[in-house]
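**Student:** So the protein lines, in turn, are chains A and B.
Residue numbering for the first sequence is 1 to 636, as defined by our numbering.
Residue numbering for the second sequence is 1 to 250, as defined by our numbering.
In this text, a Cβ means the ideal position worked out from N, Cα and C, and glycines have one as well.
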Amino acid sequence: MALDPRLPSGPLETAWQRCRAELPLISPQNKRRLRVLVVGSGLAGASAAATLAEQGYQVRLLTYHDSPRRAHSVAAQGGINAARNYANDGDSVQRLFRDTVKGGDFRAREAGCFRLAEISGAIIDHCVAQGVPFAREYGGTLATRNFGGAQVSRTFYARGQTGQQLLYGAYQALMRQVAAGRVELLSRRDVLDLITVDGVARGVVCRHQLSGALEAHTAQAVLLASGGYSNVYFLSTNAVKSNASAILAAHRRGAFFANPCFTQIHPTCIPSGDPGQSKLTLMSESLRNDGRLWVPLRPGDDRPPAAIPEAERDYFLERLYPAYGNMAPRDVASRRARELCLAGHGVGPGGRSVYLDLAEAIGREGLPAIEARYGNLLEMYERITGEDPRLTPFRIYPAPHYTMGGLWVDYQLMSTVPGLFVLGEANFSEHGANRLGASALMQGLADGYFIAPATVTAWLAGAAHGEIPADHPACQEALQAVADRITALRAIAGRRPVDAFHRDLGALMIASCGISRSGPGLERALGDLAALTAAFRADLALPDPGTPIDAELEKALRLEDFLALAELMLRDALARQESCGAHFREEHQSEQGEARRDDERFAHIAAWEHVPGRAPRRHSEPLAYTVISPSERSYR
Amino acid sequence: MSRRLSLTLRIWRQAGPGEGGGFEVHRLEGVSADLSLLEALDGLNERLIAQGQRPVGFEHDCREGICGSCGFLVNGQAHGPRALTTVCQLYLREFADGATLTLEPFRARAFPPLQDLAVDRSALDRIIEAGGYCSVNTGSAPEANAILVGRERAASAFDTATCIGCGACVASCPNASASLFSAAKLAHLAQLPQGQPERGARVRAMRQRMEAEGFGGCSSHLECEAVCPKGISADWISWMQRETRRVERP
């Protein structure tokens with residue numbers, strides 16, 4: 001099967017406008033008769049559901065949360081990029097486009113990246129109109145700040161809670177449509193299967209977390225906006241319940257999974273400690289604007305940080321990357337921190353962290369200015385670690401944070417299953433092999449507010465499918481498949497709880513498929529994963545609680561999907577014999593230890609097809625660069 | 001090496017909505033003081049599951065104090081003893097070795113119990129649904145800098161917009177009032193030029209819905225402000241009363 005990304009031909013600058021101008025429309029009275037399902041209530045899902053409802057469609061939104069406002073977009077701290085050039089520092093759509101392509105290490109589509117940069121300004125306009133309280137200058141105009149991977153100031157922010165404020169904007173727009181009767185909000189639903197008829201998406205099956213009932217919901221289009229899969233690693237910065245179940249279900253029903261090994265490790269997280277720890281907490285990388293990363297020059301130097309004189313400190317990012325310094329991209333910063341810790345320069349318990357030091361910025365601007373900028377981060381760190389970063393440097397270490405990989409979609413955000421659209425982090429999108437800071441919020445909202453509403457309309461206008469009845473054989477088959485899965489999990493009747501297996505999976509994946517990967521390591525991990533999966537099937541403890549509310553069952557279903565996804569990630573990492581972006585293969589590096597891309601063999605998107613009962617099949621979509629010629633991604 | 005401690009947990013157990021409940025006592029021995037209280041409950045649950053028993057139900061997700069999912073009473077205090085902190089960010093180092101912690105769900109008529117420490121807070125969504133937004137369709141916004149907002153005003157609007165909808169204010173109020181929750185959203189939008197066109201209608205609609213959901217009125221106990229993990233000031237409740245009078249008698 002050849003993948004058709006449906007890329008527009010002609011000049012990039014006008015591609016999206018021309019594409020939109022040619023997309024078919026639907027009259028308002030006909031829109032009322034069409035139902036769209038949206039899975040997920042984060043930035044992408046809530047914005048798409050609200051916008052489609054504003055246009056007149058009947059929207060049904062399913063979320064596993066009790067309230068749409070809890071989706072994990074809420075935790076994004078730093079900001080959202082937009083090419084507005086308000087700072088008058090030379091920014092433009094062209095430059096944001098180039099930064100995105102380069103940041104992704106030339107593994108994303110030019111046309112998609114250009115469209116993202118082009119839409120970025122309209123997102124800010126819309127969010128401001130909703131009442132999102134962005135930071136302002138004294139004159140009342142919008143303030144911006146710098147972010148990693150860019151040399152211009154284009155990141156809009158709301159203190160350290162930008163994701164929260166943008167999500168509440170989308171959530172409020174969604175609730176307005178609920179009030180108008182155009183969105184039906186179905187909370188506490190775990191989406192576990194996709195209903196297809198003749199290969200076309202027609203609905204989903206979900207489990208109601210309170211009643212335990214399995215429900216089939218049908219529609220003329222299905223939009224998945226269910227987020228990323230960093231929780232494969234167990235310890236990540238994602239919310240504990242963030243999961244890949246909806247996208248894995250779609251994958252099993254025919255949606256190709258693109259670049260599963262492209263996972264981002266965020267450099268500035270609070271390090272792990274006790275084995276009972278349930279998650280890692282991110283400190284916004286905006287801290288790197290004012291914080292300097294350093295380790296002691298002498299390995300094993302265990303003096304307190306204040307006792308180490310300037311001359312005996314290694315400000316390693318400033319030393320290695322003078323052009324970008326502490327603002328070097330995430331993958332680069334993470335890899336360097338890990339290497340230095342492995343070489344014995346790490347600090348804190350077990351030598352598993354590096355310092356991020358605000359002392360110079362506090363000296364330069366005063367503590368009140370720094371507190372105004374990062375107040376909530378300082379408090380968060382102090383609450384978790386019991387140390388005050390105003391007095392002693394933060395200790396940070398990289399942690400899994402974001403997944404660039406996801407379901408393959410074409411330029412119109414449609415997957416290989418017709419009628420199934422994938423938005424936000426759930427798709428493989430425009431971030432290539434590495435996402436720039438403050439670009440996730442931009443992409444989620446571009447997909448939800450602007451792209452999907454146009455392209456879903458085109459699908460609905462062109463597809464003659466009516467809605468299938470709830471007793472259709474395809475619904476019955478999908479309902480039965482989920483019921484059988486639950487019965488099989490219950491029948492195991494072993495001794496180990498879900499979390500014990502999940503911790504093992506996390507340890508396996510972070511060691512073999514984390515910041516650094518190698519052929520032999522990945523081969524070994526595939527064997528270990530098969531053994532772990534077999535142990536899960538033989539020894540899972542899942543007692544029947546005697547009540548339909550069953551958080552352990554929810555966890556077991558999620559972990560079963562993570563086990564399947566982990567295999568896909570390992571296979572993809574093994575097959576991609578090059579280093580690019582966040583995917584660093586130890587066999588492919590320069591003498592200076594920088595990633596070595598192989599554009600001859602790997603300038604493509606890998607898309608994996610599920611083959612029942614057999615190994616997944618790898619397809620590829622070649623990437624052509626017509627405007628920017630691929631160069632070594634150098635930040636030195 | 002971090003400190004270790006032993007704790008006695010008295011936990012409210014209730015299998016499902018409408019079922020009876022009562023306290024159950026569990027001992028935690030030698031747990032790390034660097035764990036959060038929710039992580040200690042995770043550990044307890046692994047033990048219960050291995051013994052074939054039903055684990056303790058509680059709401060949680062982001063575990064970094066921003067999603068608003070978590071929330072229960074620790075020794076009678078919503079989110080526990082530490083100020084400006086959700087219960088997911090409450091670490092065991094806050095407690096003395098040998099302490100007894102009583103864990104109970106938020107109790108309010110508008111928050112029906114679900115299981116153990118979890119309750120249904122969807123009434124808060126319905127207050128937002130009544131009018132907690134600016135009615136603007138995607139695509140119709142003016143250029144962002146066409147709307148000027150002074151720095152102080154933007155910061156104050158932001159402060160009220162940080163409410164995470166956890167419901168601690170309701171649970172700590174003797175009247176189970178959602179006044180702080182509603183006032184925060186009303187104040188966020190009323191302080192901005194974007195919120196002016198619907199300002200009066202919004203106050204009326206959200207207050208009506210608040211009463212219809214079974215939340216009580218405010219009698220100025222100010223417990224809500226004391227427990228709010230985001231530090232939202234109860235002054236905004238007084239502001240909401242003035243705003244209501246302004247709307248009713250223009």
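Within its chain, find whatever has a CB closer than 6 Å to the CB of D561(A); leave out the 5 residues flanking it on each side and keep chain order.
**Tutor:** A244, S245 and L248.
**Student:** Under a Cβ-count criterion, where at least 16 other Cβ atoms within 10 Å of its own Cβ denotes burial, should P329(A) be classed as buried or exposed?
**Tutor:** It counts as buried.
**Student:** Report yes if the CB atom of S47(A) is closer than 8 Å to the CB atom of A170(A), and no otherwise.
**Tutor:** Their beta carbons are under 8 Å apart, which means S47(A) touches A170(A) by this criterion.
**Student:** Which of the three DSSP states, helix, strand or coil, is assigned to H610(A)?
**Tutor:** H610(A): coil per DSSP, three-state reduction.
**Student:** Name the chain A residues whose beta carbon is nearer than 7 Å to that of E129(B)?
**Tutor:** Result: M175, V178 and A179.
**Student:** Answer yes or no: does any C-beta atom of chain A fall closer than 8 Å to that of Q89(B)?
**Tutor:** Closer than 8 Å: yes.
**Student:** With 8 Å set as the bound, which would you pick, yes or no: does the beta-carbon of F95(B) sit closer than that to a beta-carbon of chain A?
**Tutor:** No, its Cβ sits nowhere closer than 8 Å to a Cβ of chain A.
**Student:** Let's see if you can read the secondary structure: which residues bound the alpha helix (DSSP H) around E586(A)?
**Tutor:** Segment: none, E586(A) is in no alpha helix (DSSP H) and carries neither H nor E.
**Student:** Answer with yes or no whether the minimum CB distance from Y86(A) to chain B is below 8 Å.
**Tutor:** For Y86(A), the answer is yes, since a Cβ of chain B falls inside 8 Å of its Cβ.
**Student:** Please confirm whether N44(B) and V56(B) have their CB atoms less than 8 Å apart.
**Tutor:** It should be pointed out that residue 44(B) corresponds to Leu in this sequence rather than to Asn. Yes, the Cβ-Cβ distance between L44(B) and V56(B) is below 8 Å.
**Student:** How would you list, in chain order, the residues of chain B whose beta-carbon sits under 8 Å from the beta-carbon of M380(A)?
**Tutor:** Here the neighbours are E64, G65 and Q89.
**Student:** Determine the closest residue to S135(B) out of E198(B), E94(B), L117(B) and R4(B), with distance taken between C-alpha atoms.
**Tutor:** Closest option to S135(B), Cα to Cα, is E198(B).
**Student:** Let me confirm a value: F106(A) is counted as buried when at least 16 other C-beta atoms fall within 10 Å, else exposed. Which label applies?
**Tutor:** F106(A) comes out buried.
**Student:** For A187(B), count the other beta carbons within 10 Å of its own beta carbon; 16 or more makes it buried, fewer makes it exposed. Which is it?
**Tutor:** Buried, because 16 or more other Cβ atoms sit within 10 Å of the Cβ of A187(B).
**Student:** Quick one: residues in its chain with C-beta nearer than 6 Å to the C-beta of V119(B), no 5 flanking neighbours on either side, listed in chain order?
**Tutor:** Excluding residues within five positions, the ones whose Cβ falls inside 6 Å are P105, F106, F111 and P113.
**Student:** To the nearest angstrom, how far is the alpha carbon of A168(B) from that of C228(B)?
**Tutor:** Roughly 6 Å between the two C-alpha positions.
**Student:** Return the Cβ separation of Q264(A) and Y381(A) in integer angstroms, given the expectation that the two are a contact with Cβ distance under 8 Å.
**Tutor:** Between Y381(A) and Q264(A) the Cβ distance is about 21 Å, and since that is not below 8 Å, they are no contact.
**Student:** Chain A partners of P55(B), CB-CB under 8 Å?
**Tutor:** Simply P545, A551 and E552.
**Student:** If we ignore side chains and look at the alpha-carbon of each, how far apart do A40(B) and G276(A) end up?
**Tutor:** Going from the Cα of A40(B) to the Cα of G276(A) covers about 8 Å.
**Student:** So, are the CB atoms of F536(A) and L557(A) less than 8 Å apart?
**Tutor:** Their beta carbons are not under 8 Å apart, which means F536(A) does not touch L557(A) by this criterion.
**Student:** Within the same chain, show all residues whose beta-carbon is closer than 7 Å to that of P193(B), passing over the 5 residues directly before and after it, in chain order.
**Tutor:** Excluding residues within five positions, the ones whose Cβ falls inside 7 Å are I147 and V149.
**Student:** Are there three or more Cβ pairs, one per stretch, closer than 8 Å when the region 334-352 of chain A is compared with the region 292-301 of chain A?
**Tutor:** The region 334-352 of chain A is in contact with the region 292-301 of chain A.
**Student:** Among A123(B), F58(B), N137(B) and A161(B), which residue has its Cα nearest to the Cα of D116(B)?
**Tutor:** Nearest of A123(B), F58(B), N137(B) and A161(B) to D116(B), Cα basis: F58(B).
**Student:** When you compare the region 425-439 of chain A with the region 461-478 of chain A, are there three or more beta-carbon pairs, one atom per stretch, that lie closer than 8 Å?
**Tutor:** The region 425-439 of chain A is not in contact with the region 461-478 of chain A.
**Student:** Measuring straight from C-alpha to C-alpha, what distance separates L167(A) and G42(A)?
**Tutor:** So the two alpha carbons sit approximately 7 Å from each other.
**Student:** Please tell me whether T160(B) and A184(B) are closer than 8 Å, where the distance is taken between their beta carbons.
**Tutor:** Closer than 8 Å, so yes.
**Student:** Quick one: residues in its chain with C-beta nearer than 8 Å to the C-beta of C269(A), no 5 flanking neighbours on either side, listed in chain order?
**Tutor:** Cβ neighbours of C269(A) beyond the five flanking positions: T237, L280, T281, L282, M283, I396, Y397, P398, A399 and H401.
**Student:** Decide if Q592(A) is buried, meaning its Cβ has at least 16 other Cβ atoms within 10 Å, or exposed.
**Tutor:** When all chains shown are included, Q592(A) counts as exposed.
**Student:** Against chain A, does I237(B) count as a neighbour if the rule is that its beta carbon must be under 8 Å from one of theirs?
**Tutor:** With 8 Å as the cut-off, I237(B) does not count as an interface residue toward chain A.
**Student:** Along chain A, which residues have their Cβ under 8 Å away from the Cβ of S135(B)?
**Tutor:** Simply R176.
**Student:** In or out: Y625(A) buried (at least 16 other Cβ within 10 Å) or exposed?
**Tutor:** So Y625(A) counts as exposed.
**Student:** Quick one: which unbroken alpha helix (DSSP H) runs of 4-plus residues sit fully inside the region 103-140 of chain B? Chain order, please.
**Tutor:** Counting only runs of 4 or more, we get 122-129.
**Student:** When DSSP labels each residue in this structure, what does V347(A) get in the three-state scheme?
**Tutor:** Residue state, collapsed to three classes: strand.
**Student:** Is the separation between the beta-carbon of H72(A) and that of S187(A) shorter than 8 Å?
**Tutor:** For H72(A) and S187(A), no; Cβs fall outside 8 Å.
**Student:** What number of angstroms, rounded off, separates the C-alpha of M1(B) from the C-alpha of F501(A)?
**Tutor:** With a pLDDT of 48 at M1(B), under the threshold of 50, the predicted position of this residue should be treated as unreliable, though the coordinate-derived value follows. C-alpha separation (whole angstroms): 26 Å.
**Student:** Note down the Cα distance separating A255(A) from L224(A), rounded to an integer number of angstroms.
**Tutor:** Cα to Cα, the separation comes out at about 11 Å.
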